[in-house]
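Visitor: The structure under discussion is supplied below as C-alpha cells; questions concerning it will follow.
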Amino acid sequence: MSQAHSWVVVAAVAAGGVLFFAVAMLANAALRPRVPTSEKLTTYESGVDPIGRGWSQIQVRYYLYAYLYVVFAVDAVYLFPWATVLASFGTAAVVEMGIFLGVLTLGLVHFWRRGALTWS
Amino acid sequence: MRHLAENPAADFSQDTIWVVLGKALFVFVFLLVATILAIWGERRIVARMQSRPGPNRTGPFGLFQSVADGVKLLLKEDIIPKASDRIVFFGAPVVSAITCFLAFTVIPFGPAAKIPFTNITTPLQMTDLPVAVLFVLAVAAVGVYGIVLGGWSSGSTYPLLGGLRSSAQVISYEIAMGLALISVFLYAGSMSTSSIVAAQASGGRATLFGTTVDLPSWYALQLPVAFVIYCIAMVGETNRAPFDLPEAEGELVGGFHTEYSGAKFMMFFLAEYINLLTVSGIATTLFLGGWRAPWPLSAIGDGVLNTGWWPMLWFILKVFCFFFVFVWLRGTLPRLRYDQFMRFGWKFLIPAGLVWIMAVSFIRALRTQQVTDGQRYLLLAGLVVVLGIAFTGYLLQGRAEEQADEARRLVYGPELDPFEGGYPVPPMPGQTVRRSAGPVLAGRATVPARDVEAEATSDDEEVHGG
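This is the structure:
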C-alpha cells in the first residue's frame, strides 16, 4: 500500500469523527429542551453576578512557555529523523547533534537564569 | 545505508476498501466501548480506594452508569452563554472530538491475521506511516486548540484561565514526552509503530559469566529512564491527577469546560478519556512490546500466542493496566501546585530528557561504530566533560536560587503564619510555615508530634517536683 493510501485512511477516520460529532449534535438538537432564560445565559461566576467581561486584561505569564515550546518542538522535529538514521551515520552525527543540543540547552539555561521558569 | 527499517513493517497490500471501512468501524466502536468501560471502572476503583460503593444501581455492578450518563447528557439543554463567541464556542469541541480519534489509526492491535470467512490476511492496524509517532504527537498538539479555544470563547474568567493553564501544561509535557521517545527511535531505527513493535521481538543475547542469556526485549527495560519520563509526561499531557490543575475545582470550577453543557460537554469528556487510551496505547506500543505476549506466555508453543487474534487481547490488557495506574494515581496523590508542576517539567524532566538522549546516542555510537580505542576514550572524555559542566551549572543554579530565597526571607520574614489573615495562604519560596498549635481541645492545646516528648518530660518533672 502506498503512502498516499495511508493518508487517505487517516482522512477517512477524520471524516468518521466529523460524522460522529454531527450525529451526536443532531441527536442532542432533536432531544433537548429549549427554555433559555437570562439567568441561564449569564456567565458562571460561582453565583456572583459577573462584572465586566471575561476578556478583560489580565497578566499572562504563559507566553514565555509558548516561546520555549516552539523552540523545543522544532528541535524534536529535527531529532526524530536524526534518531532513525543515526545507526548509519555514526559518531559524526552524534557530535553534531551534541553541538545543536548544546546551543539549545544554553538557551534553556539563559531562560532559567533570567527567572523565566520561576513562577512568581 | 539502511533503508529497510524506515518503512512500516506491516503489509497493507491486501486491504480492500471494505477491510479499511471495517477496521475504521472497529476502531470507533472499540474507543467508545472502552471509554464507557473505563469511566465505569474508574468510578468503581476510586470508590473502592475511598471505602465507598461507587455506582451500583444501573445494571449489574452499575455497568450501564456511563451509558445512562451519556443519554442524560444528550437530553440536556444546550446553553450558549451570552458573553461567548458563538462560532468558536461550537468549533472547540469539534476540534477536540475529531483529533482524539485520529491517533488510533496508527496504533497496532496485532500482527497480520486472517479475517474469518474470507481469504484476506491483514494487519490488525488501520494503517501505518513512516512518521507514525510524530503524527500522533502532532494530532495531540492540534487537540490543544480545542482546549484553548474552548476556554477563550466562553467569555468567562474561569474557563479562560483553565484553558491557558491546560495548554501551557500540555505543551510543556509534550516536549518531555517527545524527548523520551527519541531514544526509542534510536534503538528501533524507525518511527513507524509496526516497525517499533517488530524491533521489540527479541532483545538479542549476551554472554554473562559463561552462560548465554536472552536480554529483555521491551524498551521499558532497555530504556528505563525514557520509560519513566514518558510515564510522568503522559499523566501531565492528559491533565490527569496529580497534574489535573486545569480542572482544579477549588480554584477554577471546571476549567476550560465550565460553560459547556449537553452534547458539547460530552465531546470534551469523551476526548479526555480517548486521549488517556491513546497515551496508554502509545506507551504499550513503544515501551511494552506492543501486542506481543508478555514473557512466560510468549514462550508457550513456540510463540503461538503471538499469532492470529491473540495479540489483540495482550494489547488491550496492557492498555488497561496503564489505565489502572492512572486511576490509582488519582486515588492516591494530592494535586500539585501550578508552580511546582511547571518547575518539575522544565527544570527536571526536560533537562533529564536531553541528558538521556545524549548519553544513549553516545553509548550507541561507541558500541556500533568501528572506532579506534583512542577515539573511544576521546568521546568518553568529551561526554564526561559535558556532563560535568551540566552538573556544575545545575549546582550553581541551585546556589543562586538559594540566595534568591535568602533575599526573599529578608523581605517577607523567615516564617509565615498561614492563617494570619483568616484564611490559609501558601508560603513564598524559601519561607517556612509556622506550625499552628492545632485546635484547642478541652482548654489544652494539642501539640505537634515533635514537641510531645519535650512536653511529656516537663510534665513528669512537674509531678516529681510537686
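Those protein sequence lines, which keep their order, are chains H and X. Quick note on the working numbering: the first sequence kicks off at 1 and runs consecutively. Quick note on the working numbering: the second sequence kicks off at 1001 and runs consecutively. Just so you know, even glycine gets a beta-carbon here, dropped at the ideal spot from N, CA and C.
Among the residues of its own chain, which have a CB less than 7 Å from the CB of L117 of chain H, if the five just before and after it don't count?
Guide: Locating residue 117 of chain H in the first sequence gives position 117, counting from the first residue. Here the set comprises F111.
Visitor: Between the beta-carbon of V1235 of chain X and the beta-carbon of F1243 of chain X, is there less than 8 Å?
Guide: For this step, residue 1235 of chain X is matched to residue 235 along the second sequence. For this step, residue 1243 of chain X is matched to residue 243 along the second sequence. Going by C-beta atoms, V1235 of chain X is nearer than 8 Å to F1243 of chain X.
Visitor: Going by other Cβ atoms of all chains shown within 10 Å of its Cβ, with 16 needed for buried, is A1010 of chain X buried or exposed?
Guide: As a working note, residue 1010 of chain X is residue 10 in the second sequence. A1010 of chain X comes out buried.
Visitor: Measuring only the C-alpha atoms, how far is I1196 of chain X from A1283 of chain X?
Guide: Within the second sequence, numbered from 1, the residue matching residue 1196 of chain X stands at position 196. Within the second sequence, numbered from 1, the residue matching residue 1283 of chain X stands at position 283. Spanning the two alpha carbons is a distance of roughly 12 Å.
Visitor: Pick from X:A1220, X:P1108 and X:G1022: whose alpha carbon is nearest that of F1287 of chain X?
Guide: Reading the second sequence from its first residue, position 287 is the one you call residue 1287 of chain X. It is X:A1220 whose Cα lies nearest to the Cα of F1287 of chain X.
Visitor: In angstroms with no decimal places, state the Cα-to-Cα distance between L1245 of chain X and G1163 of chain X.
Guide: Taking the first residue of the second sequence as position 1, residue 1245 of chain X is located at position 245. Taking the first residue of the second sequence as position 1, residue 1163 of chain X is located at position 163. Going from the Cα of L1245 of chain X to the Cα of G1163 of chain X covers about 10 Å.
Visitor: Using a Cβ cut-off of 8 Å (strictly closer), state whether A1282 of chain X contacts chain H.
Guide: Here the question's residue 1282 of chain X lines up with position 282 in the second sequence. Residue identity check: residue 1282 of chain X is Ile in the sequence provided, not Ala. Taking Cβ atoms only, chain H never reaches closer than 8 Å to I1282 of chain X, which makes this a no.
Visitor: In the DSSP output, what is T1432 of chain X paired with across the bridge?
Guide: Along the second sequence, read from residue 1 onward, the residue named residue 1432 of chain X stands at position 432. The partner list for T1432 of chain X (beta bridge, DSSP) reads X:E1415.
Visitor: If we ignore side chains and look at the alpha-carbon of each, how far apart do L1297 of chain X and K1114 of chain X end up?
Guide: Numbered from 1 along the second sequence, position 297 holds the residue referred to as residue 1297 of chain X. Numbered from 1 along the second sequence, position 114 holds the residue referred to as residue 1114 of chain X. If I take the Cα positions, the gap works out to 22 Å.
Visitor: Rounded to a whole number of angstroms, what is the C-alpha to C-alpha distance between L26 of chain H and F80 of chain H?
Guide: Here residue 26 of chain H corresponds to residue number 26 of the first sequence, with the count starting at 1. Here residue 80 of chain H corresponds to residue number 80 of the first sequence, with the count starting at 1. If I take the Cα positions, the gap works out to 42 Å.
Visitor: Note down the Cα distance separating Y78 of chain H from H5 of chain H, rounded to an integer number of angstroms.
Guide: Mapped onto the first sequence, residue 78 of chain H falls at position 78. Mapped onto the first sequence, residue 5 of chain H falls at position 5. Whole-angstrom Cα-Cα distance: 26 Å.
Visitor: Roughly how many angstroms lie between the CA atoms of D1085 of chain X and T42 of chain H, to the nearest whole one?
Guide: The count along the second sequence starts at 1 and reaches residue 1085 of chain X at position 85. The count along the first sequence starts at 1 and reaches residue 42 of chain H at position 42. Computed Cα separation, rounded: 13 Å.
Visitor: Of all Cβ atoms in chain H, is any one closer than 8 Å to the Cβ of L1441 of chain X?
Guide: For the purposes of this step, residue 1441 of chain X is taken as residue 441 along the second sequence, with counting starting at 1. Summary for L1441 of chain X: the model assigns pLDDT 49, below 50, so the residue's position carries little reliability; its value from the coordinates is reported in the next sentence. It does not; no Cβ of chain H falls within 8 Å.
Visitor: Considering only residues of the stretch 1046 to 1121 of chain X, which uninterrupted alpha helix (DSSP H) runs meet the minimum length of 4 residues and lie entirely inside it, listed in chain order?
Guide: For the stretch 1046 to 1121 of chain X, whole alpha helix (DSSP H) runs of length 4 or above, ordered along the chain, are 1065 to 1074 and 1086 to 1102.
Visitor: Distance, Cα to Cα, V1088 of chain X vs P1424 of chain X?
Guide: Residue numbering aside, residue 1088 of chain X sits at position 88 when the second sequence is read from its first letter. Residue numbering aside, residue 1424 of chain X sits at position 424 when the second sequence is read from its first letter. Whole-angstrom Cα-Cα distance: 38 Å.
Visitor: When you compare the CB positions of T91 of chain H and L1379 of chain X, do they come within less than 8 Å of one another, or not?
Guide: Walking along the first sequence from the start, residue 91 of chain H turns up at place 91. Walking along the second sequence from the start, residue 1379 of chain X turns up at place 379. Yes, the Cβ-Cβ distance between T91 of chain H and L1379 of chain X is below 8 Å.
Visitor: For a cutoff of 8 Å on Cβ pairs, would you count V9 of chain H as touching chain X?
Guide: As a first step, residue 9 of chain H is located in the first sequence; it is residue number 9 there, counting from the start. At least one chain X Cβ lies under 8 Å of V9 of chain H.
Visitor: Using a Cβ cut-off of 8 Å (strictly closer), state whether G47 of chain H contacts chain X.
Guide: Position 47 of the first sequence holds residue 47 of chain H. For G47 of chain H, the answer is no, since every Cβ of chain X falls outside 8 Å of its Cβ.
Visitor: At a Cβ threshold of 8 Å, is R34 of chain H touching chain X?
Guide: Start at 1 with the first residue of the first sequence, and residue 34 of chain H comes out as number 34. So yes, R34 of chain H belongs to the interface.
Visitor: Taking the alpha-carbon positions, what's the F1320 of chain X to S1280 of chain X distance?
Guide: Numbered from its first residue, the second sequence carries residue 1320 of chain X at position 320. Numbered from its first residue, the second sequence carries residue 1280 of chain X at position 280. Their backbone Cα atoms lie some 8 Å apart in a straight line.
Visitor: Taking the alpha helix (DSSP H) that Q1340 of chain X belongs to, which residues open and close that run?
Guide: Within the second sequence, the letter at position 340 stands for residue 1340 of chain X. Q1340 of chain X -> alpha helix (DSSP H) spans Y1338 to F1344.
Visitor: If I measure Cβ to Cβ from I1017 of chain X and keep anything under 8 Å in the same chain, skipping five residues before and after, which residues do I get?
Guide: One-based indexing of the second sequence puts residue 1017 of chain X at position 17. Once the five neighbours on either side are set aside, I1017 of chain X has no close Cβ partner at all.
Visitor: How far does the alpha helix (DSSP H) with K1264 of chain X in it extend, from its first residue to its last?
Guide: One-based indexing of the second sequence puts residue 1264 of chain X at position 264. Start and end: G1262 to F1287.
Visitor: Once the 5 residues before and after D49 of chain H are set aside, which same chain residues still bring their CB inside 6 Å of it?
Guide: Position 49 of the first sequence, counting from 1, holds the residue named residue 49 of chain H. Cβ within range, chain order: n/a, list empty.
Visitor: Name the DSSP beta bridge partners of L1124 of chain X, please?
Guide: Position 124 of the second sequence holds residue 1124 of chain X. DSSP lists X:G1110 as partners of L1124 of chain X.
Visitor: Could you tell me how far apart the beta carbons of A73 of chain H and I1182 of chain X are, in whole angstroms, since I believe they sit closer than 8 Å?
Guide: On the first sequence, position 73 is the one that residue 73 of chain H refers to. On the second sequence, position 182 is the one that residue 1182 of chain X refers to. No, A73 of chain H and I1182 of chain X are not in contact; Cβ-Cβ is about 13 Å, not under 8 Å.
Visitor: Just confirm the distance between the C-beta atoms of M1267 of chain X and A1097 of chain X, as a whole number of angstroms; I'd bet it's less than 8 Å.
Guide: Reading the second sequence from its first residue, position 267 is the one you call residue 1267 of chain X. Reading the second sequence from its first residue, position 97 is the one you call residue 1097 of chain X. About 4 Å; that satisfies the 8 Å criterion.
Visitor: Check V1225 of chain X in the structure and name its three-state DSSP category.
Guide: The residue you call residue 1225 of chain X lines up with position 225 of the second sequence. Here V1225 of chain X sits in helix by DSSP.
Visitor: Below 6 Å CB to CB, which residues in the same chain sit around L1441 of chain X once its five sequence neighbours on both sides are set aside?
Guide: As a first step, residue 1441 of chain X must be located in the second sequence, where it is residue number 441. Below a pLDDT of 50, predicted positions are generally treated as unreliable, and L1441 of chain X, at 49, falls in that range; the measurement from the model is reported next regardless. If we look at L1441 of chain X and ignore the five residues flanking it on each side, it has no Cβ neighbours.
Visitor: So is F1028 of chain X in contact with chain H if we call contact Cβ pairs under 8 Å?
Guide: As a first step, residue 1028 of chain X is located in the second sequence; it is residue number 28 there, counting from the start. Yes, contact with chain H.
Visitor: Tell me whether R1337 of chain X, by its Cβ, gets closer than 7 Å to a heavy atom of the ligand GTP.
Guide: Summarising the ligand content, the structure contains no ligands, and the ligand GTP is consequently not present.
Visitor: If you measure between the beta carbons of G1353 of chain X and L1179 of chain X, is that distance less than 8 Å?
Guide: Counting from 1 along the second sequence, the entry for residue 1353 of chain X is found at position 353. Counting from 1 along the second sequence, the entry for residue 1179 of chain X is found at position 179. Their beta carbons are under 8 Å apart, which means G1353 of chain X touches L1179 of chain X by this criterion.
Visitor: Using a cut-off of 9 Å between C-beta atoms, extract the partners of R1364 of chain X located in chain H.
Guide: For the purposes of this step, residue 1364 of chain X is taken as residue 364 along the second sequence, with counting starting at 1. Here the neighbours are L86, A87 and V94.
Visitor: Run through DSSP, which three-state label would V1139 of chain X get?
Guide: Sequence index remark: in the second sequence, residue 1139 of chain X carries index 139 (1-based). In the structure shown, V1139 of chain X sits in a helix (DSSP, three-state: H, G or I).
Visitor: Classify G1289 of chain X as buried or exposed, calling it buried when 16 or more other Cβ atoms lie within 10 Å of its own Cβ.
Guide: Residue mapping note: residue 1289 of chain X aligns to position 289 of the second sequence, counting from 1. It counts as buried.
Visitor: Can you tell me which of the three DSSP states G1443 of chain X falls into?
Guide: Translated into the one-based positions of the second sequence, residue 1443 of chain X becomes position 443. Confidence is the limiting factor: at G1443 of chain X the pLDDT is only 48, short of 50, which leaves the residue's position unreliable, though a coordinate-based value still follows. DSSP places G1443 of chain X in coil when its eight states are reduced to three.
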